[in-house]
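Student:
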Amino acid sequence: MATEYSKPLPVPQPESDHYWEQAAMGKLVAQRCTDCHEFQFYPRVFCTHCSGRSLEWQELSGKGTLFTFTIVHQPPHRGFAGDVPYIAAIVELAEGVKMPSQVIGIEPDPEALSIGMALEVVFEQATDEITLPKFKPALQ
Ligand SMILES: [Zn+2]
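In my numbering, each number is its position in the sequence shown, counted from 1, plus 682.
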């Protein structure tokens, strides 16, 4: 077991179990509607575009761009005290869905970041059950 992870963790729900299982194996997946073919994130029991209930899982490229970000200086929980400042971001994935995450591997400096910059997924194992997809600048 990973040692003493001190931050709040996602609590898998039946509709998201597959997402977390795949993340633990280093795969980023999202639901896609078999009726209207739209992707959606986060996992739900129905399609948010057409309300259909025929959803399938597809592996994503892991490539995306920085949609927006903020640099967090005040830890929202004591577990983050050693991490500040860090970059909380919304990443727009190549498949069109937007995902809240964290950008790592770059200084948490507004001068170093630009909206639209290319990012790619990396996986950070938090516990035996939970691996968190995060993003780093993509190699050009
Ligand atoms: Zn749909």
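The C-beta atom is built at its ideal place from N, Cα and C for all residues, glycine as well.
Values in this document were obtained by computation on a predicted structure and should not be read as measured data.
Across which residues does DSSP place PHE817 in a beta bridge pair?
Tutor: Mapped onto the sequence shown, residue 817 falls at position 135. Answer is VAL785 and VAL803.
Student: If you measure from each residue's Cβ to the nearest non-hydrogen atom of ligand 1, which ones come out under 6 Å, in chain order?
Tutor: Residues flagged by the Cβ proximity filter: CYS715, ASP717, CYS718, GLU720, CYS729, HIS731, CYS732 and GLY734.
Student: Nearest by alpha-carbon distance to LEU710: which of VAL766, ASP810, PRO819 and GLU777 is it?
Tutor: Numbered from 1 along the sequence shown, position 28 holds the residue referred to as residue 710. LEU710 has its Cα closest to that of GLU777, out of VAL766, ASP810, PRO819 and GLU777.
Student: Keeping to the same chain, check which residues put their C-beta closer than 8 Å to that of GLN704; ignore five residues upstream and five downstream.
Tutor: As a first step, residue 704 must be located in the sequence shown, where it is residue number 22. Only LEU710, VAL711, TRP739 and GLU741 meet the Cβ criterion.
Student: Output the boundary residues of the alpha helix (DSSP H) element that contains GLU774.
Tutor: Counting from 1 along the sequence shown, the entry for residue 774 is found at position 92. Segment 768-775 is the beta strand (DSSP E) holding GLU774; no alpha helix (DSSP H) there.
Student: Could you tell me if ARG735 is buried or exposed, where buried requires 16 or more neighbouring beta carbons within 10 angstroms of its beta carbon?
Tutor: For this step, residue 735 is matched to residue 53 along the sequence shown. By the 10 Å Cβ count, ARG735 comes out exposed.
Student: Going by C-alpha distance, which of MET781, ASP791, PHE749 and GLY787 is nearest TYR724?
Tutor: Counted from its first residue, the sequence shown places residue 724 at position 42. That would be MET781, whose Cα lies nearest to the Cα of TYR724.
Student: With a CB to CB cut of under 8 Å and the five nearest residues on each side skipped, what residues in its chain are close to HIS731?
Tutor: By one-based count along the sequence shown, residue 731 stands at place 49. If we look at HIS731 and ignore the five residues flanking it on each side, its Cβ neighbours are CYS715, CYS718, GLU720 and GLN722.
Student: Work out the CA separation of SER698 and HIS759 for me, nearest whole Å.
Tutor: Looking up residue 759 in the sequence shown gives position 77. Looking up residue 698 in the sequence shown gives position 16. Looking at the two C-alpha atoms, the distance is approximately 24 Å.
Student: Between VAL727 and SER783, what straight-line distance do the alpha-carbon atoms span, to the nearest angstrom?
Tutor: Walking along the sequence shown from the start, residue 727 turns up at place 45. Walking along the sequence shown from the start, residue 783 turns up at place 101. Computed Cα separation, rounded: 22 Å.
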